[in-house]
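For any residue, its number in my numbering is found by taking its place in the sequence shown, counting from 1, and adding 11.
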Amino acid sequence: MRREDLGSLAMFLSIAEERSFTRAAAKLSISQSALSHAMRRLEAKLGLRLLTRTTRSVAPTEAGERLIETLRPALREIDDRIAALTDLRERPAGTIRITTPEHAARTLLWPVVDRLTAEHPDIHVELNIEAGFTDIVAERFDAGVRLGERLEQDMIAVRIGPRLRMATVGAPAYFARHGQPASPHELAAHQCINLRMVSGSVYAWEYERDGREVNVKVEGQFVLNDANLIVAAAVNGHGLAHLVEDRAAPLIADGSLVRVLEEWCEPFDGYYLYYPSRRQPSQAFSLFLEAVRYRD
Numbered sequence: 012m013r014r015e016d017l018g019s020l021a022m023f024l025s026i027a028e029e030r031s032f033t034r035a036a037a038k039l040s041i042s043q044s045a046l047s048h049a050m051r052r053l054e055a056k057l058g059l060r061l062l063t064r065t066t067r068s069v070a071p072t073e074a075g076e077r078l079i080e081t082l083r084p085a086l087r088e089i090d091d092r093i094a095a096l097t098d099l100r101e102r103p104a105g106t107i108r109i110t111t112p113e114h115a116a117r118t119l120l121w122p123v124v125d126r127l128t129a130e131h132p133d134i135h136v137e138l139n140i141e142a143g144f145t146d147i148v149a150e151r152f153d154a155g156v157r158l159g160e161r162l163e164q165d166m167i168a169v170r171i172g173p174r175l176r177m178a179t180v181g182a183p184a185y186f187a188r189h190g191q192p193a194s195p196h197e198l199a200a201h202q203c204i205n206l207r208m209v210s211g212s213v214y215a216w217e218y219e220r221d222g223r224e225v226n227v228k229v230e231g232q233f234v235l236n237d238a239n240l241i242v243a244a245a246v247n248g249h250g251l252a253h254l255v256e257d258r259a260a261p262l263i264a265d266g267s268l269v270r271v272l273e274e275w276c277e278p279f280d281g282y283y284l285y286y287p288s289r290r291q292p293s294q295a296f297s298l299f300l301e302a303v304r305y306r307d
């Protein structure tokens with residue numbers, strides 16, 4: 012394989028990831044015709060069909076899938092080593108890409124990013140807000156954020172926040188009409204505002220007391236996939252909501268919401284930043300890591 016073929020391999024991987032010549036060409040800042048020509052030349056050189064093209068989409072063939080498995084870790088290693096070269100500069104530099112839930116981004120990451128980028132103008136940060144799980148290696152992120160109970164075993168994990176609690180809340184007017192539940196089992200008699208997960212399933216409300224765990228599938232008029240809408244629906248008296256405690260705390264404090272079942276909401280593992288154990292952190296990433304690390 013000649014050195015000039017490395018560019019064609021990177022182009023192939025971009026097409027396979029974007030599933031589109033148009034999007035890949037835009038991402039690479041080259042013309043679609045140049046991209047198509049490079050792929051025809053690469054396939055001719057290998058004597059293999061790497062991509063299956065239709066009028067609507069592009070998908071890798073079996074040979075293409077095998078090549079992707081080889082290219083992703085190899086190109087990631089090249090990217091890491093190039094990023095490490097920035098450590099030779101006098102000032103830390105480079106781009107840090109993080110995939111994270113919105114709640115962690117807002118409460119934990121953004122205050123650090125805001126300060127770090129002001130102190131180090133050559134560091135750039137991309138925060139990709141995702142509620143679901145993301146393969147950070149395949150998607151070429153430097154790190155991701157997850158709750159401690161959901162971490163993968165082959166990752167280095169760094170705690171970035173305190174333990175969390177959930178809060179079950181409702182508007183005073185709602186409780187005036189329907190009363191308050193005394194246990195999670197009594198939620199069956201109440202209107203509850205459901206959360207639709209990224210996976211498509213509806214979140215079952217989780218409770219724990221004295222080591223006893225209870226998961227409740229609740230019912231109500233609303234199924235929403237946005238925490239801000241769930242809060243608004245609860246404040247407007249449409250039913251009970253089950254939220255991370257800090258989202259509801261200001262509204263509990265000002266009387267807009269009333270908390271119930273508090274004794275059933277025990278603390279659980281909070282957020283961790285995780286990244287591949289084989290990754291050699293750049294100077295910029297190391298600075299970010301130390302800045303975001305949680306200290307009791």
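Here a beta-carbon is modelled for each residue, glycine too, at the ideal position from N, C-alpha and C.
Note that the coordinates shown come from a computational prediction; the quantities given were computed from them, not determined experimentally.
In the DSSP output, what is residue i paired with across the bridge?
i: proline 287; result: Met166
i: glycine 181; result: Val269
i: phenylalanine 279; result: Leu175
i: tyrosine 218; result: Val225
i: arginine 64; result: Val69
i: valine 156; result: Leu284
For residue i, count neighbouring Cβ atoms within 10 angstroms of its own Cβ and tell me buried if that reaches 16, exposed if not.
i: histidine 114; result: buried
i: glutamine 202; result: buried
i: arginine 237; result: For the sequence presented, residue 237 should be read as aspartate rather than arginine. Aspartate 237 should be labelled exposed.
i: proline 278; result: exposed
i: aspartate 146; result: exposed
Return the residue from the list the options that minimises the CA-CA distance to residue i.
i: proline 84; options: Tyr305, Pro287, His48; result: Pro287
i: isoleucine 93; options: Pro292, Ala302, Ser297, Tyr305; result: Pro292
i: alanine 104; options: Arg126, His135, Val148, Arg77; result: His135
i: glutamate 224; options: Pro195, Ile241, Arg60, Asn239; result: Pro195
i: proline 132; options: Thr110, Thr106, Glu219; result: Thr106
i: asparagine 247; options: Gly181, Glu230, Glu217, Tyr305; result: Gly181
i: alanine 245; options: Val229, Leu262, Asp257; result: Leu262
i: arginine 304; options: Val169, Gly159, Glu197; result: Val169
i: alanine 187; options: Thr63, Leu78, His249; result: His249
i: leucine 284; options: Tyr218, Glu150, Thr111; result: Thr111
i: threonine 33; options: Leu127, Arg60, Leu206, Ser68; result: Ser68
i: aspartate 221; options: Pro183, Gly266, Ile26, Glu274; result: Glu274
i: glutamate 219; options: Phe152, Val148, Thr179; result: Thr179
i: valine 271; options: Asp280, Gly281, Asp307, Ala259; result: Ala259
Put residue i into one of helix, strand or coil per three-state DSSP.
i: valine 229; result: coil
i: isoleucine 204; result: coil
i: alanine 252; result: strand
i: asparagine 139; result: strand
i: arginine 306; result: coil
i: methionine 151; result: The sequence shown places arginine at residue 151, rather than the methionine named in the question. Reduced to three states, the DSSP call for arginine 151 is coil.
i: valine 246; result: helix
Are the C-beta atoms of residue i and some chain C residue less than 8 Å apart?
i: alanine 182; result: Of the protein chains in this structure there is only one, and it is not chain C.
Ordered list of beta strand (DSSP E) runs contained in the region 66-126, each at least 3 residues: Segments of the beta strand (DSSP E) lying fully in the region 66-126: 69-71, 105-111.
Length-filtered (4 minimum) alpha helix (DSSP H) runs lying within the region 28-60: 32-39, 43-57
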